[in-house]
Structures are given as C-alpha cells and as structure tokens.
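One structure below.
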Amino acid sequence: MTDQEPDFSPEPEALAGTTSASLPAPNKGEPELVVAANPDAAAAEAAERIAAALIAAIERRGRADFCTTGGNTPIPIYKLLSQAPLVDSIPWSQCTSGGAMIASFRAAIPSPT
404 MTDQEPDFSP EPEALAGTTS ASLPAPNKGE PELVVAANPD AAAAEAAERI
454 AAALIAAIER RGRADFCTTG GNTPIPIYKL LSQAPLVDSI PWSQCTSGGA
504 MIASFRAAIP SPT
C-alpha cells in the first residue's frame, strides 16, 4: 500500500466486535467510489471509515475534527457510530464536540413507532 492507495484490510464483514487497531486505515489518496450491496452495507462501510479516520487523526494529532451533514441520509451512519463496537473504539473526548456529537447522533435517530 502507498500513501495514495487505501488500506482494505480487514474485510468489512470481519470488523464486528474488533478493536480499533483492527479498523481499516483511512483513505489517504484521491476520492474513492465504493459500491455497496445495499444501504445497510453502505452505512456500515461509511461508519467504519469515519471511525478509522477519527482514530487515526487522534493518534497523529491528539484530536479529531469531524464535520457532518444533517437530514435523513446519514442517520444509519450516526446510529452505527453511536453504538458498540464503534462508539467504544473512538475516544470521543478528543473529537470536536466529543460527547455532544454522540448526543446529536442519538437525537437524529428516529424513535420506533
């Protein structure tokens, strides 16, 4: 792998219940088009990549800045980021807004009716 190529190991299906050290490295190169099998797989891939990027930033700089969008589209991603195992693998206190971000994620998730 070079700085321009993403690290695809381990495979996304193998990530459930793993430690943050096992998360894929963030993409360091050009934008990448990822085609997922379905919306749930797309949300899982996005959440895992966001988690990996936040962890990598904290390891490199001691903090991570995360800006995201509103609306309904990212709700499945927020749900995954606010639940185990991802929520426990990210040191949220070192992220911009930290715990407030998790509260925002959870607030964006609609309650079951």
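So the mapping is simple: our numbering equals the position in the sequence shown, first residue as 1, plus 403. For each residue, glycine too, the CB sits at the ideal point set by N, CA and C.
How is glutamate 487 classed by DSSP in three states: helix, strand or coil? Along the sequence shown, read from residue 1 onward, the residue named residue 487 stands at position 84. Checking the displayed sequence, the identity of residue 487 turns out to be alanine instead of glutamate. Three-state result, alanine 487: coil.
Tell me, please, which residues DSSP counts as bridged to cysteine 498. Residue mapping note: residue 498 aligns to position 95 of the sequence shown, counting from 1. Partner(s): Ala467.
Collapsed DSSP secondary structure at leucine 457 in the structure displayed: Counting from 1 along the sequence shown, the entry for residue 457 is found at position 54. Helix at leucine 457.
Using only alpha-carbon positions, find the residue among Thr471, Glu435, Ile493 that is nearest to glycine 465. Taking the first residue of the sequence shown as position 1, residue 465 is located at position 62. Checking every option, the nearest Cα to that of glycine 465 belongs to Ile493.
Are alanine 450 and leucine 489 closer than 7 Å when you measure CB to CB? Within the sequence shown, numbered from 1, the residue matching residue 450 stands at position 47. Within the sequence shown, numbered from 1, the residue matching residue 489 stands at position 86. Contact: yes.
Under 8 Å by Cβ, that's how I've got alanine 447 and leucine 483 pegged, so tell me the actual separation to the nearest angstrom. Within the sequence shown, residue 447 is the residue found at index 44, counting from 1. Within the sequence shown, residue 483 is the residue found at index 80, counting from 1. Yes, alanine 447 and leucine 483 are in contact; Cβ-Cβ is about 6 Å, under 8 Å.
CA-to-CA distance, glutamate 435 to methionine 404, given in whole angstroms: In the sequence shown, residue 404 corresponds to position 1, counting from 1. In the sequence shown, residue 435 corresponds to position 32, counting from 1. With a pLDDT of 45 at methionine 404, under the threshold of 50, the predicted position of this residue should be treated as unreliable, though the coordinate-derived value follows. Approximately 15 Å between the Cα atoms of the pair.
Residue environment, arginine 463, which counts as buried when at least 16 other CB atoms sit within 10 Å: In the sequence shown, counting from the first residue as 1, residue 463 sits at position 60. By the neighbour-count rule (16 or more Cβ atoms within 10 Å), arginine 463 is not buried but exposed.
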